[in-house]
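Numbering (the numbering used here), first residue to last: 30 to 425. We treat Cβ as the ideally placed atom computed from N, Cα and C, and that holds for glycine. Computed from a predicted structure; not experimentally measured. First comes the structure, then the notes that go with it.
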């Protein structure tokens, strides 16, 4: 008997030891996801919005959440959606792909949620979309732009916002429209991973077009608040590229542009490329006319629109909020059209979506790239009143 007791005791100790070997991050992810899910289950949620509401991307998540809330509130105000029938629960992914995946698996296992949305970061959207496909859960992606995030084998995933190749295609069309005059190009890029990635994509575009890359320089910061600002201006002055892309922080791009304009060394075709999640219009300079404002690439140029009451979505201040509001409208429209809340009915309703939102028209394709909302990119400039004016391509 004593030997048996000792064996059991040793066995329990062994189990305890093995349990401590589980990575803390995995346990934290499961605990966090479970806590969030218990809240959703208690409220009987049918729409799950998964956002980074804590961690390094909290500002991004909160801006999107505000848009979702405004979008859902509008329809509830007008009586088109019953709050009791369509409950919305906001779950925190913490910006962690594993947490996002765990959340999807948990809500899918309970069967209360009929559609999920959010996960604006590429890494979280990747794991969430795979989990939704495995669980046959309709899923509306907002923000994530990785090209191969979904394809024609992604039956339950839909993307509201533009994919990254849309920017490259627009710039390629712009350069082609200038040919054969354009022979040289310059790229100045920032230190963020997004800026470096954008610069590399532009470099590939330059090579594909057979254009000489006259400038390939990185923004550098030194000690004592020094940087290579004037070195870059001298390089621009010496090499004079016909097209110059500024894939930097917006403040740096504006600084280079304004000083370069004063020195009369900046190419007329100088274009600011977005390098962060929240793309806002450049601040206008009061000393410059609208024609002199820095041109910038943007996926959105919809005029200011009112959502409900006094709430307004403006292109400059609420770019991300507009995405959330549009996603809410798409979801509500889909659920209203579904004769039942079955997965098949919701997918068919999503595939037949054709509506106008504060983020532009939403219509999902069903080609090789999957369910993509094909919104164009533009080259725009600030009109001096914090509103965007399209430069290219020409709009009707």
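Please work out which residues of its chain come closer than 6 Å, Cβ to Cβ, to residue 170, disregarding the five sequence neighbours upstream and downstream, and give them in chain order. 154 and 188
Taking 8 Å as the limit between beta carbons, can you name the residues of its chain near residue 262, skipping five residues before and five after? 285, 288, 289, 292 and 294
In the structure shown, what three-state DSSP assignment does residue 395 receive? coil
The region 230–237 contacting the region 174–181, beta-carbon criterion three pairs below 8 Å: no
Expressed to the nearest angstrom, what Euclidean distance is found between the alpha-carbon atoms of residue 296 and residue 220? 23 Å
Quick one: using the 10 Å Cβ neighbour count with 16 as the cut-off for buried, is residue 202 buried or exposed? exposed
Beta-carbon proximity list for residue 422, same chain, < 6 Å, skipping 5 on both sides: none
Simplified DSSP assignment, three categories, for residue 128: helix
Residue 116 by DSSP, collapsed to three states: which one? coil
Taking the alpha carbon of residue 245 as the point to measure from, which residue in 378, 257, 228 and 350 has its own alpha carbon closest? 228
Local conformation of residue 299 per DSSP, three classes: strand
State yes or no: is the C-beta of residue 353 within less than 7 Å of the C-beta of residue 135? no
So, residue 148 versus residue 157, is the Cβ gap smaller than 7 Å? yes
Paired residues, beta bridge with residue 147 - DSSP: 79 and 170
What does DSSP give as the partner residues of residue 384 in its beta bridges? 391
Nearest CA to the CA of residue 150: which residue from 121, 143, 418 and 142? 121
With distance defined between alpha-carbon atoms, name the residue in 369, 162, 328 and 358 nearest to residue 384. 358
Looking only at C-alpha atoms, which of 174, 186, 200 and 124 sits nearest to residue 192? 174
Going by the beta-carbon positions, is the gap between residue 375 and residue 381 smaller than 7 Å? no
Please report how far the alpha carbon of residue 126 lies from the alpha carbon of residue 302, in whole angstroms. 27 Å
Please name the residue in 328, 371, 130 and 273 whose C-alpha comes closest to that of residue 190. 328
Continuous alpha helix (DSSP H) stretch holding residue 247: start and end: Not the alpha helix (DSSP H): residue 247 falls in the beta strand (DSSP E), residues 241–247.
Please report the straight-line C-alpha distance between residue 348 and residue 213, rounded to a whole angstrom. 33 Å
Let's test the definition: count the other Cβ atoms within 10 Å of the Cβ of residue 419 and tell me whether it reaches 16, buried, or not, exposed. exposed
Among residues of its own chain, excluding the 5 on either side of residue 266, which ones have a beta-carbon nearer than 6 Å to its beta-carbon? 294
Which of helix, strand or coil does DSSP assign to residue 211? coil
Taking Cβ to Cβ, would you say residue 79 is nearer than 7 Å to residue 132? yes
Helix, strand or coil, according to DSSP, for residue 227 in the structure here? helix
What does a CB cutoff of less than 7 Å around residue 83 pick up in its chain, not counting 5 residues either side in sequence? 121 and 123
Under 7 Å Cβ to Cβ from residue 70, same chain only, skipping five residues before and after it: list those, please. Confidence in residue 70 is poor, its pLDDT being 41 and thus under 50, which makes the residue's placement unreliable; the coordinate value appears in the next sentence. These residues qualify, in order along the chain: 139 and 141.
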